[in-house]
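Numbering (my numbering), first residue to last: -3 to 396.
Note that the Cβ used here is the ideal one computed from N, Cα and C, for glycine as well.
Read through the structure below, which is laid out as structure tokens, and then see the notes.
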């Protein structure tokens, strides 16, 4: 099998499908691992007597590990092929998850969570590089939309596991570790088909943030929006008079939109100027939060708004990733994808701080202002990029 991006152009349709299934398995492992451990560890630390601050600091190990480890991945891939790297990351993540059972000590869980999250980050970034390398440009949006759907669905599966088995004892950790390993079994479908990358990128890692500003800022914006929503939207709901039942449902409805709308958004990205589609997603990212105060106390108005908002705003990530794959190949795509994930992780770190501060200043609608402002920056940057760099037309749009 050839290495580098050229190998992906020689795949048969069957080989391409097998490779896509294997990449989807990888992101499924990441989703299950993160979706289960985020609430599980918070609840277990609370039962162990940890303060909310301590729980928050431990959770920050996820974003910190991504920021530190992700830039190293393209360098590692120049020396280790994708298959062994992914297997090492999956096994390390599973062992790390079981480590919480073996070492039930809050202070030990800090380095353990850093290492476990770094392993999941390895699966995350390589699966993104992989899916972007093997996707053909005429269907790139739909393939990445499917990728985002699998991630959102597997992330949502994590809490479902906890609802089924509870959070006590070692069983939830064992199931999560086992499912993380099972999710990577499709890797065997792609043995010998992976686009290994051994060359150096044409420019430095950080320069890709400036070379593709609209795409990379879309990742930062969605990282900030997603973490604000999952951390603060239930609090916002309670403070605007919602019942506890409604407050518990809002995240499920937001997540349902995430799952349902990525393939349709990907289809639009395959038919029209991708920067226009990205701008449309950002525009909904502005409008959605501004409508929330108007829907306060009216669940049947609030639910459709949240569903559409949750589905379309995550399209910023989906379309941004498609823009990178359209523009870069090989080592450059690996470096650009790494920059993309770093920007997402940075957004995930600063998002809750920005949203919480905004709510303290203007309670509770500071959250909606913060969410809309972040998406507004993305909208302005995308429109500016469309004007200065021209259209980003996929082949289907060029032919019509």
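| Check | Outcome |
| --- | --- |
| Relative to the alpha-carbon of residue 120, which residue among 298, 101, 82 and 135 has its alpha-carbon at the smallest distance? | 82 |
| For residue 209 and residue 377, which I take to be in contact (beta-carbon distance under 8 Å), what is that distance rounded to the nearest angstrom? | 6 Å |
| Residue 186 and residue 255: beta carbons closer than 8 Å? | no |
| Could you tell me whether the region 329 to 348 touches the region 219 to 231, where touching means 3 or more Cβ pairs closer than 8 Å? | yes |
| By DSSP, does residue 10 sit in helix, in strand, or in coil? | helix |
| Taking buried to mean at least 16 other C-beta atoms within 10 Å of its own C-beta, is residue 62 buried or exposed? | buried |
| From this set, 297, 351, 253 and 300, which residue's C-alpha is nearest residue 311's C-alpha? | 253 |
| Do you know offhand how far residue 233's Cα is from residue 132's? | 42 Å |
| As a quick exercise: from 306, 367 and 183, pick the residue whose alpha carbon is nearest that of residue 78. | 183 |
| So what's residue 268 in DSSP terms, helix, strand or just coil? | coil |
| Which residue comes first and which comes last in the alpha helix (DSSP H) that contains residue 133? | First-last for residue 133: undefined, no H or E at that position. |
| Tell me which same chain residues have a C-beta within less than 6 Å of the C-beta of residue 263, skipping the five on either side of it? | 138 |
| Beta carbon of residue 274, beta carbon of residue 315: below 8 Å? | yes |
| Assess, as a yes-or-no matter, whether the region 31 to 39 is touched by the region 153 to 173 under the definition of 3 or more beta carbon pairs within less than 8 Å. | yes |
| For the alpha helix (DSSP H) containing residue 183, name the first residue and the last one. | First-last for residue 183: undefined, no H or E at that position. |
| Would you please state the rounded distance, in angstroms, between the beta carbons of residue 205 and residue 339? I believe it to be under 8 Å. | 7 Å |
| Mind checking which residues open and close the alpha helix (DSSP H) that includes residue 389? | Unbroken run through residue 389: none, as it is neither H nor E. |
| Leaving aside the five residues before and after residue 167 along the sequence, list all residues of the same chain whose C-beta is less than 7 Å from its C-beta, in chain order. | 161 |
| So what's residue 101 in DSSP terms, helix, strand or just coil? | coil |
| Check whether the Cβ atoms of residue 89 and residue 66 lie closer than 8 Å to each other. | no |
| Label residue 383 either buried or exposed according to how many other C-beta atoms from any shown protein chain fall within 10 Å of its C-beta, with 16 as the threshold for buried. | exposed |
| Since residue 281 contacts residue 259 with CB under 8 Å, what's their CB separation in whole angstroms? | The Cβ separation is near 19 Å, so there is no contact. |
| Roughly how many whole angstroms lie between the Cα atoms of residue 91 and residue 109? | 11 Å |
| Using 8 Å as the Cβ pair cut-off and three pairs as the minimum, do the region 190 to 204 and the region 317 to 332 touch? | yes |
| Would you report the Cα separation of residue 194 and residue 73, rounded to the nearest angstrom? | 7 Å |
| Relative to the alpha-carbon of residue 270, which residue among 180, 135, 50 and 196 has its alpha-carbon at the smallest distance? | 135 |
| Could you tell me the distance, in whole angstroms, from the CA atom of residue 106 to the CA atom of residue 9? | 44 Å |
| If you draw a straight line from the alpha carbon of residue 227 to that of residue 298, how long is it in whole angstroms? | 18 Å |
| Please state whether DSSP places residue 191 in a helix, a strand or coil. | coil |
| Taking a contact to mean a Cβ-Cβ separation below 8 Å, would you say residue 241 touches residue 336 in this structure? | no |
| Among 59, 353 and 267, which residue has its Cα nearest to the Cα of residue 387? | 267 |
| Under three-state DSSP, which class holds residue 175? | helix |
| Three-state secondary structure (DSSP) at residue 405? | Nothing about residue 405 can be reported from this structure: the residues present for the chain run from -3 to 396 only. |
| Quick check on the DSSP output: what are the complete beta strand (DSSP E) runs of length 3 or more inside the region 230 to 282, in order along the chain? | none |
| Between the region 8 to 23 and the region 120 to 130, are three or more C-beta pairs nearer than 8 Å? | yes |
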